[in-house]
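A short write-up of the structure that comes next.
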Amino acid sequence: TMADLSEHIDAIDRPHIKAMYDTFHANIEEADPIGAYTKHRRNVVHIHISENDRGVPGRGNIPWTETFSAIRKSGYDDWLTIEAFGRSLKDLAAATKVWRDFSETPEAVYREGYRHIKSGWKKAA
């Protein structure tokens, strides 16, 4: 959880050891994903934008309006990286148990994902 990670980061107390917030993992591990981000924002230096099924951002169940709002309100102003999986990389698909494609083409992931992030970020302003 973000609480566990922040506890370790705070104990290590080194300026270059920080956290990445990942919406896919937060959706699984956190009772309150947005609250976990907000509470531990001080340690977050990178964010993965990933859907609940690791498909195209915006096509699943992540509460994006609230997520983008929390990220913007926190003052985060760095990379938002799309993390989406498919079957094209066979070893990765096997390791992550991806059994289907989540988009028509790999290009659809970044095109639609980028539009989703840009729109969500703008609405959260």
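Counting from 59, one number per residue, gives the positions in the sequence shown under the numbering used here. Glycine included, C-beta positions come from ideal geometry on N, C-alpha and C. These numbers were taken from a predicted model, which means no experiment stands behind them.
Practice task
State the DSSP-derived secondary structure class of Val114, mapped to helix, strand or coil.
Solution key: coil
Exercise for the section: Please go through the same chain and pick out, in chain order, the residues whose beta-carbon is closer than 6 Å to the beta-carbon of His106, but skip the five residues on each side of it. Expected result: Asp80, Thr139, Glu141
Practice task
Grab me the residues of Trp137's own chain with a C-beta within less than 8 Å of its C-beta, minus the 5 sequence neighbours each way, in chain order.
Solution key: His104, Ile105
Practice task
Using three-state DSSP, classify Thr139 as helix, strand or coil.
Solution key: If DSSP states are grouped into helix, strand and coil, Thr139 belongs with the strands.
Exercise for the section: Kindly list the residues whose CB is nearer than 6 Å to the CB of Asn110, restricted to its own chain and excluding five residues on each side of it in sequence; keep chain order. Expected result: Asn85, Gly118, Asn119, Ile120
Practice task
To the nearest angstrom, report how far apart Lys76 and Met60 are at their CA atoms.
Solution key: 11 Å
Handout entry: Alpha carbon of Gly133 to alpha carbon of Val167, nearest angstrom
Key = 26 Å
Problem - Alpha carbon of Ser64 to alpha carbon of Ala94, nearest angstrom - result: 10 Å
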